[in-house]
Structure formats: C-alpha cells, structure tokens
Amino acid sequence: MTILDGKKLSNKIRAEVKNDVTQLQERGITPGLAVVLVGSDPASAAYVNMKSKACKEAGIYSIAHEMPETISQDNILEIITMMNKNPNIDGILVQLPLPKHIDTTVILEAIDPKKDVDGFHPYNVGRVVAGLDGFIPATPYGVMELLKEYNIDPQGKNICVVGASNIVGKPMATLLLNANATVDICHIYTDDLKKHTLAADIICVGVGVVNLIKEDMVKDDAIIIDIGINRLDNGKLVGDVDYANVADKCSYITPVPGGVGPMTIAMLLKNTVKSASKREVKEL
Ligand code: GUN
Numbered sequence: 012m013t014i015l016d017g018k019k020l021s022n023k024i025r026a027e028v029k030n031d032v033t034q035l036q037e038r039g040i041t042p043g044l045a046v047v048l049v050g051s052d053p054a055s056a057a058y059v060n061m062k063s064k065a066c067k068e069a070g071i072y073s074i075a076h077e078m079p080e081t082i083s084q085d086n087i088l089e090i091i092t093m094m095n096k097n098p099n100i101d102g103i104l105v106q107l108p109l110p111k112h113i114d115t116t117v118i119l120e121a122i123d124p125k126k127d128v129d130g131f132h133p134y135n136v137g138r139v140v141a142g143l144d145g146f147i148p149a150t151p152y153g154v155m156e157l158l159k160e161y162n163i164d165p166q167g168k169n170i171c172v173v174g175a176s177n178i179v180g181k182p183m184a185t186l187l188l189n190a191n192a193t194v195d196i197c198h199i200y201t202d203d204l205k206k207h208t209l210a211a212d213i214i215c216v217g218v219g220v221v222n223l224i225k226e227d228m229v230k231d232d233a234i235i236i237d238i239g240i241n242r243l244d245n246g247k248l249v250g251d252v253d254y255a256n257v258a259d260k261c262s263y264i265t266p267v268p269g270g271v272g273p274m275t276i277a278m279l280l281k282n283t284v285k286s287a288s289k290r291e292v293k294e295l
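Going by the working numbering, the first residue of the sequence shown is number 12, and it counts up by one from there.
Have a look at this one:
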C-alpha cells in the first residue's frame, strides 16, 4: 500500500506558485485574492484563515471581507461588484455555505467568471464539462494532480464517485470522465452503495460521513481517495473512510489529514496565479 502524500505534493506546487508569483512581480503584477466570509461558522473561518496564510506565504495579496450572518444579499453583491472592478484583484472566493437567507446561485453568478478562481460560476462549470479551459474547482483539481503525481491514469478505470455536490462530487466526476474513466456517481439516494464501490478500481468519496467506506465495500488493490473532512468529538480529524481497516486492502490511499486537504489550498493558489497571468489580456 502506498500513501498518496498530498502534503508533500502541495508543498511542491506551492513552491512553484511562489516562483510564478516572483516572475509576475517582475512584470509589475502582484496576484490578488479577495475572500468573502459570511457569518461565524468556525470551520469556514478556519478554511479562510488557512487560505489567507497560504496566499501570504506565496506572495499573493489577499483581502478577507468578513461579514455578519445577518448581512443582506445586496450588501454581499455590492462587495462582489467592487471586487469585480478592482484591477488588483484576480480572484474572488465566497466561502460556502452561505446563510439560508442568501441565494448562493445569485452570489456565485455575480462573480466575474474571469475572477472565479473557485470555478463555481456556471460559465466555468460549463467550460470544464465541455473540456475547455476554465477554472477547475480546487478540490477535484487537487485530486487529479495527486493521481498524476503517482502515475495513476484514470483512462479505462471504473471509478466510483461517492457524493454529488456542486463543489466536489460533480466536478470530480466530470474531470474523471474527461480523463476517459468510466464514472459511477453515487449519492444519498443510491440504493446499495456497496454494490457500486465494490466494482470500482478507484473510489473518490467526499460526503462528510465518518467510516462510510468500510473494508467489505472495497475490492482488493483498489485506490482510495478520501475527500471527507470530519472532526470527531475528541478533536481528531478523520475522513469518510474507515482508514485503519481499509488501508491494508488497497494499493493507494490518501490519508486524512495530509491527503486531499492540502491539495485544495495549493490549487486555489494556482488558479489565482493563472488569473493574474492573464491580467494584461483582460485589460485589453
Ligand atoms: N466550502 C467548502 N469547500 C469550499 C471551497 O472549495 N470553496 C469555497 N468557496 N467554499 C467551500
């Protein structure tokens, strides 16, 4: 069994990003990321902090707009409009989930698609589905980079994606399909999940359910990508896979923490630099 070391690969990518930032700065461009955080969910606040810290380390300018839970949709839209117009901002990220009274679709569609470094705007979703260049959501993008690093080619593989969210499952399935895998997408209404996972050469799971994927649901030598992040009552972070019992059975597995999580941050930085490198083109 080989561990897919996301921490190590993310450090490599972050060093490359830092190098790219230095080169952009020689052209007078400092990449900028605006992060919008609404409310006081501790997990969201922690993610935003990690993203800001990673930007700083890479030389990317970042600004966090922190707003109370009660803020109106129009106020959020005003901030986005301001950031869309700000020539020093290359990426705009609205941390999800948003409070119930806010229409997430309206917010995401207000972001200039050319600054949509999360890849959640329907323009980028559509481009990625069509196999065109566009911003790829950071988490599935990170998984694809991790597979590439370990020479795991999805082509022709039976891959079970467990979870069908817009942020993880759907873009994950799309990227794997575009890489010529046979993709089976499972979700909360799937009957007999085990039947699907047992048939898979690769399982990608990200639903937020502790120990969802157990030993008897995984075929020998399968590849396991655990995108889940769950905090146990004792403070320990675990994924969606019963790691202790599954790990010995598979050929490759991502640990939690240290697998997909760090890759997400690295790919967000990469998307921000990609946007900044097109700054002159956008200004024409
Ligand atoms: N919430 C959970 N994951 C993400 C992410 O990748 N981006 C944003 N903006 N919000 C999230």
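Where is the CB? At the ideal position from N, CA and C, for every residue including glycine.
Problem - Proximity below 8 Å, CB of V28 to CB of K206 - result: Not a contact, by the Cβ cut-off of 8 Å.
Problem - Contact under 8 Å by Cβ, I264 with V271 - result: Not closer than 8 Å, so no.
Practice task
Decide if the region 121-131 is in contact with the region 54-73; the criterion is three or more beta carbon pairs, one per stretch, under 8 Å apart.
Solution key: Output reads no: the region 54-73 does not touch the region 121-131.
Exercise for the section: Provide the residue span of the beta strand (DSSP E) that contains S73, from first to last. Expected result: DSSP places S73 inside the beta strand (DSSP E), whose first and last residues are 72-78.
Problem - CB contact flag (V46, L104, <8 Å) - result: Annotated as proximal: V46 and L104, with beta-carbon spacing under 8 Å.
Practice task
Could you tell me if the beta carbon of A149 falls within a distance shorter than 7 Å of some heavy atom in ligand 1?
Solution key: For ligand 1, at least one heavy atom lies less than 7 Å from the Cβ of A149.
Handout entry: Alpha-carbon to alpha-carbon, I276 and F146
Key = For the pair F146 and I276, the Cα-to-Cα distance works out to about 14 Å.
Practice task
Output the boundary residues of the beta strand (DSSP E) element that contains L104.
Solution key: That run of the beta strand (DSSP E) goes 102-105.
Problem - Reference D232; option with closest CA among I163, T185, A57 - result: Nearest in C-alpha terms to D232, of all of I163, T185, A57, is I163.
Problem - Best match in V49, N30, A54, S21 for proximity to N241 [C-alpha to C-alpha] - result: Distance check between N241 and each of V49, N30, A54, S21 places A54 closest, using alpha-carbon atoms only.
Problem - Distance, L107 Cα to K181 Cα - result: Between K181 and L107, the C-alpha separation is close to 16 Å.
Problem - Endpoints, alpha helix (DSSP H) assigned at C66 - result: Unbroken alpha helix (DSSP H) run through C66: 53-69.
Practice task
Could you say if the region 35-50 and the region 167-185 meet the contact criterion of at least three C-beta pairs nearer than 8 Å?
Solution key: No: fewer than three Cβ pairs fall under 8 Å.
Exercise for the section: Can you give me the Cβ contacts of V140 inside the same chain, cut-off strictly under 6 Å, excluding the 5 residues immediately before and after it? Expected result: For V140, where only same-chain residues beyond five positions count, the Cβ hits under 6 Å are T185.
Handout entry: L44 Cβ short of 7 Å to ligand 1 heavy atom set
Key = Result no, Cβ not under 7 Å from ligand 1.
Practice task
Pick out whichever of S286, L223, M278 has its Cα sitting closest to the Cα of A255.
Solution key: The residue with the shortest Cα to Cα distance from A255 is L223.
Practice task
Find out if the Cβ-Cβ distance for the pair N169, A210 is shorter than 8 Å.
Solution key: Against a cut-off of 8 Å, the Cβ pair of A210 and N169 comes out as a contact.
Practice task
Report the residue from G102, I118, L143 whose alpha carbon sits nearest the alpha carbon of I125.
Solution key: It should be pointed out that residue 125 corresponds to Lys in this sequence rather than to Ile. When only C-alpha atoms are compared, the closest one is G102.
Practice task
Would you decide whether N30 is buried or exposed? Buried here means 16 or more other CB atoms lie within 10 Å of its CB.
Solution key: N30 is exposed by the Cβ-count criterion.
Exercise for the section: Would you mind sorting D237 into buried or exposed? The rule is 16 or more other CB atoms within 10 Å of its CB. Expected result: Classification of D237: buried, given that the 10 Å Cβ count is 16 or more.
Exercise for the section: Could you give the DSSP three-state label for R242: helix, strand or coil? Expected result: Reduced to three states, the DSSP call for R242 is strand.
Handout entry: DSSP three-state assignment for T193, whether helix, strand or coil
Key = In this structure, T193 counts as strand in the three-state DSSP scheme.
Practice task
May I ask whether a heavy atom of ligand 1 can be found less than 7 Å away from the beta carbon of D129?
Solution key: Indeed, a heavy atom of ligand 1 lies less than 7 Å from the Cβ.
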